[in-house]
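Student:
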Amino acid sequence: GAVVSQHPSRVICKSGTSVKIECRSLDFQATTMFWYRQFPKKSLMLMATSNEGSKATYEQGVEKDKFLINHASLTLSTLTVTSAHPEDSSFYICSAPALGGGELFFGEGSRLTVL
Amino acid sequence: QQQVKQSPQSLIVQKGGISIINCAYENTAFDYFPWYQQFPGKGPALLIAIRPDVSEKKEGRFTISFNKSAKQFSLHIMDSQPGDSATYFCAATLGNFNKFYFGSGTKLNVKP
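Below, the structure written as structure tokens:
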């Protein structure tokens, strides 16, 4: 089946630095990808929709200048957490819908820890 | 307004028992209802899904029951196994798959 790969799976950074997380669709093209944030023992919170060839669409309350999303190609979307702070520590998960719908494939997630 | 409500928050079942997780939704326009299984430190994986034109779908030990009039759907895990211990999320979306609305999750613990 289709696979979505995320990298890195874990990252630790210092407060004030920026971190980039990559999301790749390995065997299918994804014009749209979704970025979620998940707090411990909580559900997935949609942060933004990444659109190939256009600007990302952010959910209400998500700072677009802090969470930069770039859909560089039909198989790659990146999330950059800028000027990270400890409160940005979380589990970030990307997903991509199968072409024509029918299923949403999730990446393995990226655990960000900001010291 | 929470679009999808899930219960219970946690569930303990003995090996071989039946695990039942319930979800209710608000938007009658939703037309795809998947269930996802998530193990600690991993991304969610699709377990089983149903569309509102059927009342039940079974895949192996997993069954979705769907009640369109009540706007409710549930996941039944028959013969529950310790390996089923995970967090389960229900979800709902419109046909364009533009946005998935997730339930709050149920942490299932199957005791041997």
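Heads up: the protein sequence lines correspond to chains A and B, in order.
For the first sequence, this note's numbering assigns the number 1 to the initial residue and increments by one for each residue that follows.
For the second sequence, this note's numbering assigns the number 1001 to the initial residue and increments by one for each residue that follows.
For every residue, glycine included, the Cβ atom is placed at its ideal position computed from N, Cα and C.
1) For chain B, is any of its Cβ atoms less than 8 Å away from the one on residue 67 of chain A?
2) What three-state label does DSSP hand residue 87 of chain A in the structure shown?
3) Relative to the C-alpha of residue 86 of chain A, which residue among A/44, A/14, A/26 and A/54 is closest?
4) Going by DSSP, which residues form a beta bridge with residue 51 of chain A?
5) Which residue or residues does DSSP assign as beta-bridge partners of residue 45 of chain A?
6) Residue 1079 of chain B: which of B/1061, B/1031 and B/1010 sits nearest, CA to CA?
7) I need the DSSP call for residue 1034 of chain B, collapsed to helix, strand or coil.
8) Residues of chain B with CB under 8 Å from residue 146 of chain A, in chain order?
9) Which one of A/103, A/90, A/75 and A/77 has the shortest CA to CA distance from residue 115 of chain A?
10) Per the contact definition of three or more C-beta pairs closer than 8 Å, is the region 1012-1027 of chain B in contact with the region 54-61 of chain A?
Tutor: Straight from the coordinates:
1) Translated into positions along the first sequence, residue 67 of chain A becomes position 67. Cβ-Cβ to chain B under 8 Å: no for residue 67 of chain A.
2) Along the first sequence, one-based indexing puts residue 87 of chain A at 87. Residue 87 of chain A: helix per DSSP, three-state reduction.
3) If you number the first sequence from 1, residue 86 of chain A lands on position 86. Ranking A/44, A/14, A/26 and A/54 by Cα distance to residue 86 of chain A puts A/14 first.
4) Along the first sequence, read from residue 1 onward, the residue named residue 51 of chain A stands at position 51. Residue 51 of chain A is bridged to A/32.
5) Counting from one through the first sequence, the residue named residue 45 of chain A turns up at place 45. In the DSSP output, where bridge partners are listed per residue, residue 45 of chain A has A/37.
6) As a working note, residue 1079 of chain B is residue 79 in the second sequence. Cα-wise, what sits closest to residue 1079 of chain B is B/1061.
7) By one-based count along the second sequence, residue 1034 of chain B stands at place 34. Strand at residue 1034 of chain B.
8) For residue 146 of chain A there is no data in the structure shown, the boundaries of chain A being 1 and 115.
9) The count along the first sequence starts at 1 and reaches residue 115 of chain A at position 115. Residue 115 of chain A has its Cα closest to that of A/90, out of A/103, A/90, A/75 and A/77.
10) The way I'd put it, the region 54-61 of chain A doesn't touch the region 1012-1027 of chain B; fewer than three beta-carbon pairs between them come closer than 8 Å.
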